[in-house]
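Just so we're aligned, residue 1 is where the sequence shown starts under our numbering, counting upward by one.
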Amino acid sequence: MAKTSTTFFCKSCGASSAKWVGKCPACGEWNTYVEEVIHKDKPDYKSTWKSEKVKRSLQPLLLNEIEKGNEERFPIDDTELSRVLGGGLVPGSVILVGGEPGIGKSTLMLQLALRFKGRKVLYISGEESERQIKMRAERIAFQNEDCYLFTETSTQKIGKALQQLEPDLVIIDSIQTLQSDLIDSTPGSISQVKETAGDLIRYAKESGTPVFLIGHITKDGTLAGPKLLEHMVDTVLQFEGDRHHVYRILRSTKNRFGSTNEIGIYEMQAGGLREVSNPSEVLISQRDEALSGISISASLEGMRPLLIETQALVSQAVYGTPQRNSNGYDSKRLNMLLAVLEKKCGLRMGMQDVFVNIAGGLRVEDPGIDLGIIASIVSSYESMPVDNEICFVGELGLSGEIRAVTRIEQRISEAEKLGFKTIYLSKFNKLPQTSSGINIVQISKIEELLNLLFG
Ligand code: TYD
Ligand code: MG
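What follows is the structure, given as C-alpha cells:
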C-alpha cells in the first residue's frame with residue numbers, strides 16, 4: 001500500500017506547498033490554495049509514455065545543424081481552424097480548446113477527426129459513451145475510415161492505447177475528466193490536470209503527434225484548472241459565441257506557431273459546424289429601410305477585413321446614474337467616446353443611458369471601429385438614421401481627431417465588394433493609388449463627421 005499525503009495547490013498558478021497559505025508566494029494571489037490528496041511514492045511510470053519514434057539528441061546541437069524538414073505542418077481541411085492555428089497543424093504541438101458547455105467543442109473536434117482523411121486519429125472521450133459519439137458523428141457529414149474512438153479516463157490505459165495504435169492525431173475530450181492512477185485526487189483537480197496534461201504533452205513532444213485537449217471553463221470565462229496549463233501547452237484556443245445564436249467564433253489567445261489575432265467563424269447547423277468563409281455578408285443584418293442607431297464599420301480581424309454592424313441606443317436616463325452598457329466593445333473606450341462627444345460636440349451624454357452592441361455576438365478590438373460606434377450613438381441620439389450605403393472606419397483620438405488605421409486598401413475594397421457607395425475615413429490615411437468605384441470621404445475631426453451626417 002502506497003503511502004499517501006496531502007499537498008496544497010494554488011488554483012491560479014499551480015504552485016504547491018506543504019501547508020495552507022493565504023497568499024500564494026509564487027503568483028501573489030490571495031485565497032487560492034486548496035488541499036488535494038496525492039500519492040507520495042511515485043513509481044517510475046514515465047517510461048510507458050516513451051515512444052519508439054523519438055530521435056532526440058542527448059547533446060546540445062548547433063542551431064544551423066538542426067534539420068527543419070520534418071517540421072512541416074499537417075494540412076487541415078477546415079480552413080477556419082487552419083487559419084487560427086497559423087496554417088495547419090505543427091507536429092508535436094499541444095492545443096488546448098476551451099469554451100462554455102454546449103458551445104460545440106466536441107463537435108468541432110469530432111469534425112476535425114472525421115476530416116483528417118487518410119491519417120489515423122484517436123478520439124478519447126471521458127465525457128460521452130461510444131454510442132453518443134457515434135450518433136454525433138452521424139449528424140456530421142464527413143467520414144474517416146481511420147478514426148478510432150476510446151472512452152477511457154485513465155492516462156495509464158490511454159498511454160498503452162497510444163503506444164499500440166500510434167495515431168497521427170490525438171483528441172482528448174476533456175482534460176478535466178482524465179485521471180492518473182498514481183494520484184488520489186479526483187479528476188479535474190489541480191494535481192490531476194497538471195499530471196495528466198504533463199503526460200500528454202510529453203507524449204506529443206516525444207512522438208511528434210499533435211494533441212488537442214478540450215478544456216472546461218469556469219463561471220467567469222477562464223479555462224478551468226491551473227493557469228499553468230495554459231503555459232504548458234503551445235496554443236490556447238477559445239471557442240465562443242452565444243449558445244442561442246448560430247454563430248461561433250474561434251480565437252487563439254496564445255499561439256507559439258502563429259499570430260493570435262486571427263479568428264475563425266462558424267455557423268452551427270443541424271449537420272455540424274459550417275465554416276463561414278465570407279463573414280461580412282452574414283454579419284450585416286438585412287433591412288429594407290435605414291433605422292436610427294445602426295451603422296456599418298469596415299473592421300479588420302487579424303488579416304481579414306470584416307464589415308460589422310454596430311448598434312447603439314441612447315435614451316433619457318431615468319435613474320440618477322446613467323447606464324452604460326456595451327456588448328462586444330470595450331466599455332472603457334465607450335466612456336471615452338462619450339466624453340469626447342460631450343466636450344467637442346456639445347452633446348449632453350451625461351444625461352443619457354447608452355447601450356452599444358456589436359451584431360453577431362462578435363467582440364471587436366480593432367480601434368478602427370470607433371467612427372462607426374460614434375455614428376451609431378449620434379444617430380440614435382438625434383433619432384436620425386444613417387444612410388445604409390455608407391460605411392465607416394477610423395480611430396478617435398482624445399481631442400476629437402480621427403486617426404489613421406492600418407490596411408486601409410483591404411477595408412475599402414471589402415466595402416466596395418459588398419456594395420457600399422461611400423466610405424468615411426481619416427484624412428491622415430494614405431489612399432491607395434488605384435482608383436476605386438467607391439466614394440471616399442476623408443475627415444480629420446469628429447465635428448466634421450457630425451456635420452456631414454446630421455447637419
Ligand atoms: P457539443 O459539441 O456537445 O458542445 P460542447 O462539447 O462544447 O459541450 O455541442 C452541443 C450543441 O451543439 C448541442 O446543443 C447540439 C448542437 N449541435 C447542432 O446544432 N448540430 C450538430 O450537428 C451537432 C453535432 C450539435
Ligand atoms: Mg463536449
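Each residue gets a CB set at the ideal place from its N, CA and C atoms; glycine is no exception.
{"Query": "Helix, strand or coil at residue 433 according to DSSP, with G and I counted as helix", "Result": "coil"}
{"Query": "Residue span of the beta strand (DSSP E) that contains residue 357, given as start and end", "Result": "352-358"}
{"Query": "Cβ contact (3+ pairs, closer than 8 Å) linking the segment 363-376 and the segment 393-402", "Result": "yes"}
{"Query": "Cβ neighbours of residue 291 in the same chain (closer than 8 Å, five flanking residues each side left out)", "Result": "385"}
{"Query": "Buried or exposed (CB count within 10 angstroms, at least 16 for buried), residue 255", "Result": "buried"}
{"Query": "Residue from 410, 108, 333 whose Cα sits closest to the Cα of residue 264", "Result": "108"}
{"Query": "Expected contact under 8 Å - CB spacing of residue 104 and residue 349 to nearest Å", "Result": "With 8 Å as the limit, residue 104 and residue 349 do not qualify as a contact, their Cβ atoms being about 39 Å apart."}
{"Query": "Contact the segment 174-192 vs the segment 121-133: 3+ CB pairs below 8 Å", "Result": "yes"}
{"Query": "Beta strand (DSSP E) runs contained entirely in the segment 353-430, provided each spans 3 or more residues", "Result": "390-392, 422-426"}
{"Query": "Supposed contact pair residue 262 and residue 84 - C-beta distance, whole angstroms, cut 8 Å", "Result": "5 Å"}
{"Query": "Bridge partner(s) assigned by DSSP for residue 345", "Result": "Paired residues: none, contrary to the question."}
{"Query": "Member of 378, 360, 425 whose CA lies at the smallest distance from the CA of residue 298", "Result": "425"}
{"Query": "Bounding residues of the alpha helix (DSSP H) (the contiguous stretch that carries residue 451)", "Result": "446-454"}
{"Query": "Heavy atom of the ligand MG within 8 Å of residue 214 beta-carbon", "Result": "yes"}
{"Query": "Minimum length 3: unbroken beta strand (DSSP E) runs contained in the segment 158-244", "Result": "169-173, 211-215, 235-241"}
{"Query": "Rounded C-alpha distance that separates residue 162 from residue 227", "Result": "27 Å"}
{"Query": "For residue 289, three-class secondary structure by DSSP", "Result": "coil"}
{"Query": "CB of residue 431 within 9 Å of CB of residue 440, strictly", "Result": "yes"}
{"Query": "Local conformation of residue 17 per DSSP, three classes", "Result": "strand"}
{"Query": "Rounded C-alpha distance that separates residue 209 from residue 367", "Result": "39 Å"}
{"Query": "Spatial neighbours of residue 415 in its chain, beta-carbon cut-off 7 Å, leaving aside the 5 residues before and after", "Result": "298, 307, 391, 423, 438"}
{"Query": "Through-space distance from residue 142 to residue 303, alpha-carbon basis", "Result": "29 Å"}
{"Query": "Quiz: which residues have CB nearer than 5 Å to the ligand TYD non-hydrogen atoms", "Result": "101, 102, 103, 104, 105, 106, 107, 136, 139, 268, 272"}
{"Query": "Alpha-carbon to alpha-carbon, residue 342 and residue 379", "Result": "15 Å"}
{"Query": "CA nearest to the CA of residue 88, picked from 99, 116, 100", "Result": "116"}
{"Query": "Residue 90 - DSSP class collapsed to helix/strand/coil", "Result": "coil"}
{"Query": "Closer than 8 Å: residue 174 CB and nearest the ligand MG heavy atom", "Result": "yes"}
{"Query": "Collapsed DSSP secondary structure at residue 36 in the structure displayed", "Result": "strand"}
{"Query": "Residue 427 versus residue 387: straight-line alpha-carbon distance, rounded", "Result": "21 Å"}
{"Query": "Buried/exposed call for residue 248, threshold 16 Cβ in 10 Å", "Result": "buried"}
{"Query": "Helix, strand or coil at residue 268 [DSSP, three-state]", "Result": "strand"}
{"Query": "Rounded C-alpha distance that separates residue 336 from residue 398", "Result": "8 Å"}
{"Query": "Burial state of residue 279 (16 or more Cβ within 10 Å)", "Result": "buried"}
{"Query": "Alpha-carbon to alpha-carbon, residue 340 and residue 444", "Result": "14 Å"}
{"Query": "Status (buried if at least 16 other CB within 10 Å, exposed otherwise) for residue 235", "Result": "buried"}
{"Query": "Residue 152: CB within 8 Å of a non-hydrogen atom of the ligand FMN", "Result": "Looking for the ligand FMN in the displayed structure turns up nothing; the ligands present are the ligand TYD and the ligand MG."}
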